[in-house]
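Undergrad: Note that our numbering numbers the sequence shown so that position 47 is 62, with each residue one more than the last. Beta carbons are placed, not taken as given, at the ideal position from N, Cα and C, and that holds for glycine. Shown below is the structure under consideration.
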Amino acid sequence: NWAYGEAVDNQYAAKGVTFTNVLGVSNDPAFDPYYSNAPSPLGVAMAQLDGVTNTTAFMNVAGGVDGLLTFFYSTPTDVIGAVKAYSGLNGTGTLLGTFDLVANTTNYSNWTAANFSFSGTALSFDLSATANVAGLDNIAAVPEPTNLALAACSLAIMGVSLRRRAK
Numbered sequence: 016n017w018a019y020g021e022a023v024d025n026q027y028a029a030k031g032v033t034f035t036n037v038l039g040v041s042n043d044p045a046f047d048p049y050y051s052n053a054p055s056p057l058g059v060a061m062a063q064l065d066g067v068t069n070t071t072a073f074m075n076v077a078g079g080v081d082g083l084l085t086f087f088y089s090t091p092t093d094v095i096g097a098v099k100a101y102s103g104l105n106g107t108g109t110l111l112g113t114f115d116l117v118a119n120t121t122n123y124s125n126w127t128a129a130n131f132s133f134s135g136t137a138l139s140f141d142l143s144a145t146a147n148v149a150g151l152d153n154i155a156a157v158p159e160p161t162n163l164a165l166a167a168c169s170l171a172i173m174g175v176s177l178r179r180r181a182k
């Protein structure tokens, strides 16, 4: 799990996930009610841009994400085009889809589960539009149905093998 004071990208770099201008924000009780009720217990992610030096925020995924990204969000304002999926790193390549956020709180204490469907394989997600207005948590790629079916078949074969050995 992410620890307070640690850069968000340090936590996930070994898994091929890197962040640009995305900070970890503590949801410690001292900050209550801000970021309370977040799905993860230690903190949430927030893009922070100053408009001068830091003008864009990205999440890059080296292995790519196929068609669906899930996450939770909290925002006091509607954000049109909040998350954009791209076929290349750092928002390059083809735009594969956009996801809008709907206001759900005034103090970042309500969290909405989101399923962002897009076409193709995304190597990056542009989070710039969420800067300073939305908290994000539990961002995850969802396995394709074919991968789930393959995993289920593998488990079934293992079960049959173990059953034969037991006899």
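With distances taken from CA atoms, which of T121, N52, S41, S102 is nearest T92?
TA: On the sequence shown, residue 92 is found 77 positions in, with the first residue counted as 1. Here the closest residue by C-alpha is T121.
Undergrad: Hey, how far is the Cα of G58 from the Cα of V37?
TA: Against the sequence shown, residue 58 aligns to sequence position 43. Against the sequence shown, residue 37 aligns to sequence position 22. Using only the alpha carbons, I get a separation of about 12 angstroms.
Undergrad: How is G78 classed by DSSP in three states: helix, strand or coil?
TA: On the sequence shown, residue 78 is found 63 positions in, with the first residue counted as 1. Of the three classes helix, strand and coil, the one that applies to G78 here is strand, per DSSP.
Undergrad: Of the choices A129, A137, N130, whose alpha-carbon is the least far from that of Y101?
TA: The residue you call residue 101 lines up with position 86 of the sequence shown. Comparing Cα-Cα distances from Y101 to each of A129, A137, N130, the minimum goes to A137.
Undergrad: Taking 8 angstroms as the cut-off, decide whether the C-beta atoms of L151 and Y88 are in contact.
TA: Taking the sequence shown and counting its residues from 1, one reaches residue 151 at position 136. Taking the sequence shown and counting its residues from 1, one reaches residue 88 at position 73. Contact flag set, yes.
Undergrad: Is there a Cβ of chain B sitting closer than 8 angstroms to that of V94, yes or no?
TA: The structure shown contains no chain B; it is built from a single protein chain.
Undergrad: By how many angstroms is the C-alpha of S134 removed from the C-alpha of G66?
TA: Position 51 of the sequence shown, counted from the start, is the residue given in the question as residue 66. Position 119 of the sequence shown, counted from the start, is the residue given in the question as residue 134. Their backbone Cα atoms lie some 30 angstroms apart in a straight line.
Undergrad: With a 10 Å radius around its C-beta and 16 neighbouring C-beta atoms as the bar for buried, classify D115 as buried or exposed.
TA: Reading the sequence shown from its first residue, position 100 is the one you call residue 115. The residue in question, D115, is exposed, as its Cβ has fewer than 16 Cβ neighbours within 10 Å.
Undergrad: Where do the ends of the beta strand (DSSP E) carrying S134 lie?
TA: As a first step, residue 134 is located in the sequence shown; it is residue number 119 there, counting from the start. Start and end: 127-141.
Undergrad: Note down the Cα distance separating V32 from A155, rounded to an integer number of angstroms.
TA: Taking the first residue of the sequence shown as 1, we reach residue 32 at position 17. Taking the first residue of the sequence shown as 1, we reach residue 155 at position 140. Near 11 angstroms, if we compare the C-alpha coordinates of A155 and V32.
Undergrad: In this structure, what does DSSP give as the bridge partners for K99?
TA: Counted from its first residue, the sequence shown places residue 99 at position 84. According to DSSP, which records beta bridges pairwise, K99 is partnered with T113, D141.
Undergrad: Per DSSP, what kind of secondary structure is N153 in: helix, strand or coil?
TA: Taking the first residue of the sequence shown as position 1, residue 153 is located at position 138. Looking at N153 - three-state DSSP - the assignment turns out to be strand.
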